[in-house]
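Read through the structure below, which is laid out as structure tokens, and then see the notes.
Protein chains in written order, with my numbering: chain P, 1 to 237; chain H, 1001 to 1388.
Structure below.
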């Protein structure tokens, strides 16, 4: 059984039919990426999975349990964590306080400590800035913090929304190396990314979304070679 | 690690302030300053400001109707410790020696104090629930509405289908004094109007409890959740913070202290009128929180002392001095000018100046301060344990 199964979900913003029957699966240990242009429904799919925008129709099954009715704050307890689009770190909290918020629903103090050390191993920069207010850090550092904070909940599934957004190319490279490393350490990842090039490099499989529906699904290397994908999303003619 | 200076700041300063507060009645007596009454009223406002600080300062929910809880607390005492319900004859642990033979309900102040807190908390949740989806300006307008409805209810409550619940604009008079049974001092068995010490020490204990609870809340899991909600609701929810219960806790706990303050004030002043609970009071309490520094407990206390101290002591004093000068100079204008009348003008000017010069308040909350201070004495190890 797949870790996450999304079956034919329909989501709406008011009257706008944003997702028109999206289905996808994420197996344990995979990095699955959703690619597509602006407004294709990538972020909306994540928002539907994590409970911020519950779908009106369809099923979302996570570890054998239907979760489409679970409120957003209940998802962490189920094992789904996210690094939201636009990073959304708590600006006035320090790095340490942000990471502690990531472990908000947990009580196992000693293990939280271990997880924090693990986050510091992944992002040594965060350890250097542990007492700095998050809002005063650079975009790349805030992205690291957002990912680190999500890891603090010890998720089974990590949802990443546009981790490359607004970052310099060299930093994008670095962040994606770390995402790959997080996956190797055992966290399954569902990644939404505009930058299809880097996303398909680390992904196991990919889904291509267009106007709220999946138009193509294949292993990442197949998508990289697909002429249509190359033309539309990889910037090649 | 905490340096000796930091621990002095952490424990020495509060201990010194508490000692000063404990000795205040003696100091007042020695100096013949006659400050007990204004100080007690200021202390009531310190409680109110600390209550509102939970809602506005910690959780970031702008509440323009906080006076409602103050009024509810006062009316709980008014209803259940006076001759108001003259058709009933009920007495429970009352400090009045004659309470059994008096008409009306006479319940012990201490019981009513707790009941007032609970009653206010209940209404805090009732009022908070419909506003959960609102933010910023919209939330402020709705709370403003509730702040207006409750005094209106007390004004018009003298005829609820013929039943006199609140006695309208006349209000409830002759509220029973609190008292502590079995103590040797008669002044403590039933608090009087001449010896204000029992009142003073009661409100001092209430303020200290409020401060303690504020500090514990700030450093608690719930306190962290409030800060997270204040900063970004979506991100807070993603961390597993239940927005609904987190906000309702803020409303309920804030209202509880409003209720306590109202109950004490009702018993202290002995008569309550709907006009004592006007919109101005909500604004005044909010000003205290903003002036002192939203979210900073010491700042909020200082804000309350400055504003209400000015209101109840400084302005009347200045008025007397100006009148004396006016008489000495035989200037009819100075001899008759009514300075306390301009208090809201003065508060307005102070607030405008604060917002321009120091928008984070006199003693800002760290998270509310934009600038990062280097070499902070915060002990990170205690913060970790505090959050878990």
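All residues carry an ideal CB built from backbone N, CA and C; glycine is no exception.
Residue 1380 of chain H versus residue 1221 of chain H: straight-line alpha-carbon distance, rounded: Because residue 1380 of chain H sits at a pLDDT of 38, beneath the cut-off of 50, its placement in the model cannot be relied upon, and the following sentence gives the value as read from the coordinates. Rounded to the nearest whole angstrom, the CA to CA distance from residue 1380 of chain H to residue 1221 of chain H is 16 Å.
Take the Cβ of residue 84 of chain P as the centre, count every other Cβ of all protein chains shown within 10 Å, and call the residue buried at 16 or more, exposed below. With 16 or more Cβ atoms within 10 Å of its Cβ, residue 84 of chain P is classed as buried.
Using the Cα positions of residue 1288 of chain H and residue 1260 of chain H, report the straight-line distance between them to the nearest angstrom. When rounded, the distance between both Cα atoms is 18 Å.
If you reduce the DSSP assignment to three classes, tell me which class residue 1297 of chain H lands in. Note: residue 1297 of chain H maps to helix in three-state DSSP.
At the 8 Å Cβ level, is residue 49 of chain P part of the contact set with chain H, yes or no? When Cβ-Cβ separations below 8 Å define contact, residue 49 of chain P makes no contact with chain H.
On the three-state DSSP scale, how would you describe residue 1186 of chain H? Helix, per DSSP.
If contact means a Cβ-Cβ distance below 9 Å, which residues of the segment 1206 to 1236 of chain H contact chain P? Within the segment 1206 to 1236 of chain H, the residues whose Cβ lies closer than 9 Å to some Cβ of chain P are 1221, 1224, 1225, 1227, 1228, 1230, 1231, 1232, 1234, 1235, 1236, listed in chain order.
Starting from residue 198 of chain P and walking both ways along the alpha helix (DSSP H), at which residues does that stretch end? Residues 196 to 202.
Quick check on the burial criterion: 16 or more other C-beta atoms within 10 angstroms. Buried or exposed for residue 1045 of chain H? Around the beta carbon of residue 1045 of chain H, 16 or more other beta carbons sit within 10 angstroms, so the residue counts as buried.
Mind checking whether residue 1069 of chain H and residue 1255 of chain H have CB atoms under 8 Å apart? Judged by their CB atoms, residue 1069 of chain H and residue 1255 of chain H are nearer to each other than the 8 Å cut-off.
Could you pull out every residue in the same chain whose Cβ sits closer than 8 Å to the Cβ of residue 1153 of chain H, ignoring the five residues on either side in sequence? For residue 1153 of chain H, where only same-chain residues beyond five positions count, the Cβ hits under 8 Å are 1166.
State the beta-bridge partners of residue 60 of chain P as determined by DSSP. Paired residue(s): P/6.
Would you say residue 1299 of chain H reaches chain P, if we count a Cβ-Cβ gap shorter than 8 Å as a contact? No, because no Cβ of chain P sits closer than 8 Å to the Cβ of residue 1299 of chain H.
C-alpha gap between residue 56 of chain P and residue 1351 of chain H, whole angstroms: Inter-residue distance for residue 56 of chain P and residue 1351 of chain H is about 48 Å (C-alpha atoms, whole angstroms).
Residues of its chain near residue 1426 of chain H, where Cβ-Cβ distance is below 8 Å and the 5 sequence neighbours each way are ignored: The question about residue 1426 of chain H has no answer, for chain H in this structure spans 1001 to 1388.
Note the first and the last residue of the continuous alpha helix (DSSP H) segment covering residue 1037 of chain H. Boundaries of the alpha helix (DSSP H) harbouring residue 1037 of chain H: 1036 to 1052, taken from the DSSP string.
DSSP three-state assignment for residue 80 of chain P, whether helix, strand or coil: DSSP places residue 80 of chain P within a strand segment (E or B) once states are collapsed to three.
Could you tell me whether the segment 1323 to 1341 of chain H touches the segment 1078 to 1089 of chain H, using the rule of 3 or more Cβ pairs below 8 Å? The segment 1323 to 1341 of chain H vs the segment 1078 to 1089 of chain H: no contact.
Spatial neighbours of residue 61 of chain P within its chain, please: C-beta separation below 6 Å, excluding the five flanking residues on both sides. Only 5 meet the Cβ criterion.
For the segment 1055 to 1083 of chain H, which residues have a beta carbon sitting closer than 7 Å to at least one beta carbon of chain P? Cβ contacts with chain P come from no residue of the segment 1055 to 1083 of chain H.
For the segment 75 to 104 of chain P, enumerate the residues whose C-beta is nearer than 8 Å to any C-beta of chain H, in chain order. Hits within the stretch, in order: 75, 76, 77, 81, 82, 84, 88, 89, 90, 91, 92, 93, 96, 97, 100, 101, 102, 103, 104.
Considering only DSSP beta bridges, list what residue 216 of chain P is partnered with. Its beta-bridge partners are P/208.
What are the residues that DSSP puts in a beta bridge with residue 16 of chain P? Listed as beta-bridge partners of residue 16 of chain P by DSSP are P/13.
In or out: residue 219 of chain P buried (at least 16 other Cβ within 10 Å) or exposed? Exposed is the call here.
Apart from the five residues on each side of it in sequence, which residues of its chain come closer than 8 Å, Cβ to Cβ, to residue 1016 of chain H? If we look at residue 1016 of chain H and ignore the five residues flanking it on each side, it has no Cβ neighbours.
Pairwise C-alpha distance: residue 1012 of chain H and residue 18 of chain P: Straight-line Cα distance between these residues: approximately 60 Å.
Answer with yes or no whether the minimum CB distance from residue 1240 of chain H to chain P is below 8 Å. Yes, its Cβ sits closer than 8 Å to a Cβ of chain P.
How long is the line joining the alpha carbons of residue 128 of chain P and residue 25 of chain P, rounded to whole angstroms? Each residue's alpha carbon lies about 38 Å from the other.
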